[in-house]
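Undergrad: Take 222 as the starting number for the sequence shown in our numbering and just add one per residue.
All C-beta atoms, glycine included, are put in the ideal place defined by N, C-alpha and C.
Computed from a predicted model, the values in this text were never measured in an experiment.
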Amino acid sequence: MKKNAVFVRDLNFTWPASTISTLKIAYLNIPENSRTLIQGPSGCGKTTLLSLLAGIVLPTSGQTVVLSEDLTKLSSKKSDAFRVDHIGFLFQQFNLIPYLNLIENVLLPCRFSKLRYQNAGNTESSLKDEACRLLNLLGLEPDKFSHLATQKLSVGQQQRVAAARALIGNPKLILADEPTSALDPENRLAFLRLIFRECLKNQTTLIMVSHDTSLSAQFDQVIDLGVLNQANES
Numbered sequence: 222m223k224k225n226a227v228f229v230r231d232l233n234f235t236w237p238a239s240t241i242s243t244l245k246i247a248y249l250n251i252p253e254n255s256r257t258l259i260q261g262p263s264g265c266g267k268t269t270l271l272s273l274l275a276g277i278v279l280p281t282s283g284q285t286v287v288l289s290e291d292l293t294k295l296s297s298k299k300s301d302a303f304r305v306d307h308i309g310f311l312f313q314q315f316n317l318i319p320y321l322n323l324i325e326n327v328l329l330p331c332r333f334s335k336l337r338y339q340n341a342g343n344t345e346s347s348l349k350d351e352a353c354r355l356l357n358l359l360g361l362e363p364d365k366f367s368h369l370a371t372q373k374l375s376v377g378q379q380q381r382v383a384a385a386r387a388l389i390g391n392p393k394l395i396l397a398d399e400p401t402s403a404l405d406p407e408n409r410l411a412f413l414r415l416i417f418r419e420c421l422k423n424q425t426t427l428i429m430v431s432h433d434t435s436l437s438a439q440f441d442q443v444i445d446l447g448v449l450n451q452a453n454e455s
């Protein structure tokens, strides 16, 4: 029987400036080493749910357990340390650092996490090799683009850099917010399968948000947050 990568019970989240709940989830269970797709209409709380699972924000009430750690019981400092050690987050807006090159952006998690530094090779040369391996795997040759500032890359290329950054150092959970949105249909599935392969190799759980319903068949489970979120019934 698989362990849970994510367990949520009686979760309620309301933004501080609001009196209306954004999320109400009675129960959610996501097995470890699985691939889960979260879908639903715009505004149903998909990105907010990823932020809660990453410990970026805390629920107003309820329990959020990620990789056997109850995030609601962690201090802000411990929550930040847990996230950088164990969670790779692929943001919808990428959040690349404009004054860093490709390799430096990919290696950012290893600069803040000793665990991911060790997992990625434990030496500077090994870290660079691993960053290059991931970029090449995702279809972006570092030698061709290393001289460019990240803002000079196309949106699709920036998305690949952000994906490599999320994957480096073998985090046990990947949270991906619309990671294929900037890719054309021909490359979308191929890119996704590369992420699947890396997750399978490292026994990493993947939770992904996407509006693309054509991707559903590629996942172990699909969650319709528009249905699951009881706040939408209010």
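Nearest-angstrom Cα distance between Thr285 and Phe312?
TA: Distance between the alpha carbons of Thr285 and Phe312: 20 Å.
Undergrad: Should Thr268 and Leu317 be called a contact, given that it needs their Cβ atoms to be closer than 8 Å?
TA: No, the Cβ-Cβ distance between Thr268 and Leu317 is not below 8 Å.
Undergrad: Please report the residue range of the beta strand (DSSP E) in which Gln260 lies.
TA: Looking at the DSSP string, the run of the beta strand (DSSP E) that includes Gln260 is Arg256 to Gln260.
Undergrad: From which residue to which residue does the alpha helix (DSSP H) around Asp269 run?
TA: Per the sequence shown, residue 269 should be read as Thr rather than Asp. Segment Lys267 to Leu274, the alpha helix (DSSP H) holding Thr269.
Undergrad: Please classify Phe310 as buried or exposed, where buried requires at least 16 neighbouring CB atoms within 10 angstroms.
TA: Per the 10 Å Cβ criterion, buried.
Undergrad: Cβ of Leu258 within 8 Å of Cβ of Ser431?
TA: Contact flag set, yes.
Undergrad: If distances are taken between C-alpha atoms only, which option among Asn254, Met429, Gly283 and Asn408 comes closest to Val443?
TA: Comparing Cα positions, the closest option is Met429.
Undergrad: Measure the Cβ-Cβ separation of Pro330 and Arg386 and say whether it is below 8 Å.
TA: Yes; because the gap between Cβ atoms is below 8 Å, this pair is in contact.
Undergrad: Assess contact between the segment 374–383 and the segment 350–360, defined as three or more Cβ pairs (one per stretch) separated by less than 8 Å. Is contact present?
TA: Verdict: yes, contact present.
Undergrad: Extract the residue ranges of the beta strand (DSSP E) inside the segment 390–431, only unbroken runs of 3 or more that lie entirely within it.
TA: For the segment 390–431, whole beta strand (DSSP E) runs of length 3 or above, ordered along the chain, are 394–398 and 426–430.
Undergrad: DSSP beta-bridge partners for Asn250?
TA: For Asn250, which the question treats as bridged, DSSP gives the partners Phe228.
Undergrad: Between the alpha carbons of Ala226 and Ala397, how many angstroms are there, rounded?
TA: C-alpha separation (whole angstroms): 15 Å.
Undergrad: Just the C-alpha distance for Leu249 and Leu449, rounded to the nearest angstrom, thanks.
TA: Their backbone Cα atoms lie some 9 Å apart in a straight line.
Undergrad: Tell me which same chain residues have a C-beta within less than 7 Å of the C-beta of Asp306, skipping the five on either side of it?
TA: Same-chain partners within the cutoff: Ser334, Leu336 and Arg337.
Undergrad: Please classify Ser242 as buried or exposed, where buried requires at least 16 neighbouring CB atoms within 10 angstroms.
TA: With 16 or more other Cβ atoms within 10 Å, it is buried.
Undergrad: Starting from the Cα of Ala275, find the closest Cα among Leu321, Lys245, Gly261 and Phe228 and give me that residue.
TA: Of the listed residues, the one whose Cα sits closest to Ala275 is Phe228.
Undergrad: Got a sec? Which residues, its chain only, sit under 6 Å from Arg256 by beta carbon, not counting five neighbours each side?
TA: Excluding residues within five positions, the ones whose Cβ falls inside 6 Å are Leu427, Phe440 and Asp441.
Undergrad: Could you tell me if Pro406 is buried or exposed, where buried requires 16 or more neighbouring beta carbons within 10 angstroms of its beta carbon?
TA: Classification of Pro406: exposed, given that the 10 Å Cβ count is below 16.
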